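Beneath this line is the structure, given in structure tokens, with notes to follow.
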Amino acid sequence: MRQVALNTHISGTFNVELENLRNSVLTMGGEVEQQMVDTLYAIKHNHAAIAEKVVLNDLKINSMEIQIDEECLRIIAKRHPTASDLRLIMTISKAITDIERMGDEIERIAKLVTRNKLPSSDTIKSSMVKIGEQVIDMMRGTFDAFARQDESAALEVYRQDNQIDSEYKRLITYTTSEMEKITEDMQDWLDVLWALRSLERIGDRCKNVCEYVVYLTRGTDVRHTSLESIHQKIEDLT
Amino acid sequence: MLKLFKHNIQPVSELSSAQTAVEVNALNLWFGDKHVLKDITMRIPKNKVTALIGQSGCGKSTLINCFNRLNDLYDGCQYKGEVIIDGKNINSKKTNVSRLRAKVGMVFQRPNPFPMSIYENVCYGLKLQGVRERRNLDDAVESALKQAALWDEVKDRLFEPAMTLSGGQQQRLVIARALSLKPEVLLLDEPTSALDPLTTLFIEELMESLKKQCTIVIVTHNMQQAARVSDYTAFFHQGKLVEYADSDTLFTMPEKKQTEDYITGRYG
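Chains as they are written, first to last, in full-length UniProt numbering: chain G, 1 to 238; chain D, 1 to 268.
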């Protein structure tokens, strides 16, 4: 595993540019994580005002994505980065797309509260919060793995997604069985299903970012492979 | 599986003798007491562009000078080891050095046309080789100037002094002069460092077309140029070959930290 030392270039300006770029991704990640925390609070307490704030804040995240992308482009054009510097910039450029999509999924979940469409079933609501908390853990782990360029931490987060997937499947089965019993307000139920799907998708987005972290440190592309294959690829490189 | 991008570059470790234009085996070179090249072993692939990079004084230029025995011109130069071209060790005493230098052409950093006409510059080497027939010389001059992408610019003033050409044109003229002898290997020692960016691109484009006919070895301090034009890149440090790989690998995922530090501009 090779970490990208950001502050050892002969050009001090380049050091600062890369450091700022990395920090801006962490800021963006922190914002999205806070959005998720606020959304869960809004669900737990049926707090429409907080959910409204989450929906509005998504614009800020969208704007961050555009700015970071522009900065990546500027650095590529001016600095012609190579090797680990190039991998860092490509990783960032791809990761922010996933982080921005996490923001979109969170916005969708928050709208359940703003539109007063939260599930009436306490079981579903509390399971939703439980998955949400696992998702927050994953997000934290992901951004931490990126900040420390820690591939082991990234793979640990990767593993967590299995728990979210199985919890999601269990909850979908339960929700559809509830839907069969209560056939009215079908649109509301569909909104709940979409929100559950969004939670599961955020976990997938975290996984994507973790794959980029492995690419950053190892230079090998581990997308679309199982966890076992990733371990094998890393072992082959060691 | 559908392959969107095809970069068929063979790893250096898999190059066979038949695919090799220059084979260097355990080459060591000294200028007096100074050990300049230390145990260099590498294979330069045929019909490819190979870039040699590294800090000033790391031995890149000295190495390419070994490929046509230019170092023989320096007093106190001693070398050990093999440089094999066409199956023969050119360091052998039996080597006909003039013939070798026709086979392995060289272009330097500063364009160095001879103080004679454009036409005479291009056919100078051929005349030295004894070619006298005007028609043969005319054909060779036209062909070399076309290959060097200079023909259209000079065809109407072939007998004007070469010094009237611009820097970029002079450099292409020097390349044409080397090409007129149909070299197997063309050595370019920082060929664009004295040229403007646009002319540099013309020369780089020229390399791309020339590699179909000959093997090109370029010494450059411009990392982006090495990444742009070369198929393979070798990184040298203090007379040692640190890393040698296909350029795609070397510029995206170098194996050695020393290489990484150099190409990313970090403290070594």
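Where is the CB? At the ideal position from N, CA and C, for every residue including glycine. Predicted model only: the values in this text are computed from it and were never measured.
Alpha-carbon spacing of residue i relative to residue j, whole angstroms
{"i": "glycine 167 of chain D", "j": "threonine 192 of chain D", "result": "10 Å"}
{"i": "threonine 200 of chain D", "j": "lysine 6 of chain D", "result": "26 Å"}
{"i": "glutamine 129 of chain D", "j": "aspartate 72 of chain D", "result": "21 Å"}
{"i": "aspartate 144 of chain G", "j": "glutamine 34 of chain G", "result": "15 Å"}
{"i": "serine 17 of chain D", "j": "methionine 42 of chain D", "result": "11 Å"}
{"i": "serine 226 of chain G", "j": "leucine 198 of chain D", "result": "48 Å"}
{"i": "asparagine 65 of chain D", "j": "isoleucine 75 of chain G", "result": "37 Å"}
{"i": "isoleucine 202 of chain G", "j": "asparagine 20 of chain G", "result": "25 Å"}
{"i": "serine 247 of chain D", "j": "lysine 127 of chain D", "result": "39 Å"}
{"i": "histidine 47 of chain G", "j": "lysine 94 of chain G", "result": "33 Å"}
{"i": "threonine 39 of chain G", "j": "leucine 193 of chain G", "result": "16 Å"}
{"i": "proline 183 of chain D", "j": "alanine 144 of chain D", "result": "11 Å"}
{"i": "glycine 141 of chain G", "j": "threonine 8 of chain G", "result": "26 Å"}
{"i": "arginine 101 of chain G", "j": "asparagine 208 of chain G", "result": "11 Å"}
{"i": "threonine 97 of chain G", "j": "valine 24 of chain D", "result": "48 Å"}
{"i": "phenylalanine 31 of chain D", "j": "isoleucine 40 of chain D", "result": "16 Å"}
{"i": "valine 4 of chain G", "j": "phenylalanine 114 of chain D", "result": "50 Å"}
{"i": "aspartate 104 of chain G", "j": "valine 135 of chain G", "result": "15 Å"}
{"i": "serine 63 of chain G", "j": "aspartate 69 of chain G", "result": "10 Å"}
{"i": "valine 25 of chain G", "j": "isoleucine 92 of chain G", "result": "7 Å"}
{"i": "methionine 179 of chain G", "j": "alanine 49 of chain G", "result": "28 Å"}
{"i": "threonine 95 of chain D", "j": "isoleucine 230 of chain G", "result": "54 Å"}
{"i": "aspartate 86 of chain D", "j": "cysteine 58 of chain D", "result": "27 Å"}
{"i": "arginine 110 of chain D", "j": "glutamine 170 of chain D", "result": "9 Å"}
{"i": "lysine 44 of chain G", "j": "serine 126 of chain G", "result": "8 Å"}
{"i": "glutamate 228 of chain G", "j": "leucine 86 of chain G", "result": "27 Å"}
Assigned exposure category for residue i - 16 Cβ within 10 Å defines buried
{"i": "arginine 205 of chain G", "result": "buried"}
{"i": "glutamate 205 of chain D", "result": "exposed"}
{"i": "threonine 183 of chain G", "result": "exposed"}
{"i": "leucine 56 of chain G", "result": "exposed"}
{"i": "glutamate 151 of chain G", "result": "buried"}
{"i": "threonine 215 of chain D", "result": "buried"}
{"i": "proline 11 of chain D", "result": "exposed"}
{"i": "glutamine 238 of chain D", "result": "exposed"}
{"i": "aspartate 33 of chain D", "result": "exposed"}
{"i": "lysine 211 of chain D", "result": "buried"}
{"i": "valine 16 of chain G", "result": "exposed"}
{"i": "threonine 176 of chain G", "result": "exposed"}
Under 7 Å by beta carbon: chain G residues contacting residue i
{"i": "tyrosine 267 of chain D", "result": "Thr8, Ile10"}
{"i": "phenylalanine 251 of chain D", "result": "Thr82, Ala83"}
{"i": "proline 11 of chain D", "result": "In chain order: nothing, as chain G lies at least about 15 Å away."}
{"i": "glutamate 260 of chain D", "result": "Ala83, Ser84"}
As assigned by DSSP and simplified to three states, the class of residue i
{"i": "methionine 207 of chain D", "result": "helix"}
{"i": "histidine 80 of chain G", "result": "coil"}
{"i": "asparagine 116 of chain G", "result": "coil"}
{"i": "threonine 264 of chain D", "result": "coil"}
{"i": "asparagine 208 of chain G", "result": "helix"}
{"i": "alanine 51 of chain D", "result": "strand"}
{"i": "residue 294 of chain D", "result": "In the structure as shown, chain D starts at 1 and stops at 268, and residue 294 of chain D therefore has no counterpart that could be examined."}
{"i": "serine 117 of chain D", "result": "strand"}
{"i": "valine 10 of chain D", "result": "Reading off the sequence, residue 10 of chain D comes out as glutamine, not valine. Note: glutamine 10 of chain D maps to coil in three-state DSSP."}
{"i": "isoleucine 40 of chain D", "result": "strand"}
{"i": "residue 270 of chain D", "result": "Residue 270 of chain D lies beyond the range of chain D shown here (1 to 268); nothing can be said about it."}
{"i": "tyrosine 74 of chain D", "result": "coil"}
{"i": "leucine 150 of chain D", "result": "coil"}
{"i": "methionine 128 of chain G", "result": "helix"}
{"i": "glycine 81 of chain D", "result": "strand"}
{"i": "lysine 94 of chain G", "result": "helix"}
{"i": "valine 20 of chain D", "result": "Note that residue 20 of chain D corresponds to threonine in the displayed sequence, not to valine. Three-state result, threonine 20 of chain D: strand."}
{"i": "glutamate 133 of chain G", "result": "helix"}
Within chain G, the residues that residue i reaches when beta carbons sit closer than 9 Å
{"i": "methionine 223 of chain D", "result": "His80, Thr82"}
Under 8 Å from the C-beta of residue i: neighbouring residues of chain G
{"i": "threonine 264 of chain D", "result": "His9, Pro81, Thr82, Ala83, Ser84, Asp85"}
{"i": "proline 254 of chain D", "result": "Ala83"}
For the UniProt domain "PhoU" (26 to 113) of chain G, list every residue whose C-beta sits within 8 Å of some C-beta in chain D, in sequence order. The residues in question are His80, Pro81, Thr82, Ala83, Ser84, Asp85, Leu86, Arg87.
In the segment 10 to 21 of chain G, which residues sit with their C-beta less than 9 Å from some C-beta in chain D, listed in chain order? Taking 9 Å as the Cβ-Cβ cut-off against chain D, the residues of the segment 10 to 21 of chain G that qualify are Ile10, Ser11, Phe14.
Between the segment 216 to 236 of chain G and chain D, which residues of the former have a C-beta closer than 9 Å to a C-beta of the latter? Look at the segment 216 to 236 of chain G: the residues with a C-beta under 9 Å from a C-beta of chain D are Arg218, Gly219, Thr220.
Give the residues from the segment 224 to 244 of chain D that approach chain G closer than 8 Å (Cβ to any Cβ), ordered along the chain. Answer set for the segment 224 to 244 of chain D: Gln224, Ala227.
Near-chain G residues of the segment 156 to 188 of chain D - C-beta to any C-beta below 7 Å: Within the segment 156 to 188 of chain D, no residue qualifies.
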